[in-house]
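K.L.:
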Amino acid sequence: MTDDRSWGDPNQWARMQVEKILETGTTEGVEAQGLPIVLLTLRGAKSGKVRHTPVMRIERNGRYAVVASKSGAAAHPDWYHNIKAHPEIQLQDGTETRTYVARELQGSERAEWWEHAVTAFPQYTEYQKNTDRVIPVLVLEPR
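Using our numbering, the letters of the sequence shown correspond one by one to residues -8 to 134.
As structure tokens, then:
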């Protein structure tokens, strides 16, 4: 989601982005490294509390992908575990919010969406090089 080497504290960055989106009611004009983002609203895996997570906007034919890169860290981001526990989520793109169901991709489907993700945000290539784990890609399909 964020590159803490160039953006400072990623948690602080995410909080600022979420606050701006909730305040203005839109993701338009809210960016990461000059690229558009969307806002996920999901439930915590353990707490069940509502969580907001800004992620890169990777859309194709009404479906979205989310890439659990965590800037190439050794562990998956917390939001990945939340989605795995509660795959029905809300996604806001611009002023539109819809319900989606997430599923993790494998094989050729993952490879296809990975290429689409790298086109949208080329830094994912570097993130993958920085970690031994295979960075998960999840597709969000309208419910």
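Just so it is clear, CB atoms sit at the ideal spot from N, CA and C, and this is done for glycine as well.
Would you mind working out which of V29, P45 and K75 sits nearest W4, comparing C-alpha positions?
P.N.:
Nearest to W4 by alpha-carbon distance, out of V29, P45 and K75, is P45.
K.L.:
Determine the direct distance from the alpha carbon of H72 to that of A64, and round the result to whole angstroms.
P.N.:
15 Å
K.L.:
Using only the alpha-carbon positions, how far apart do V9 and H43 sit?
P.N.:
7 Å
K.L.:
Using only the alpha-carbon positions, how far apart do A68 and G16 sit?
P.N.:
Per the sequence presented here, residue 68 reads as Pro, with Ala not at that position. As the crow flies, the alpha-carbon of P68 is around 25 Å from that of G16.
K.L.:
Between R94, A102 and A111, which lies nearest to V29 when the distance is taken from Cα to Cα?
P.N.:
A111
K.L.:
Please state whether DSSP places V21 in a helix, a strand or coil.
P.N.:
coil
K.L.:
Span of the alpha helix (DSSP H) holding I74?
P.N.:
Looking at the DSSP string, the run of the alpha helix (DSSP H) that includes I74 is D69 to A76.
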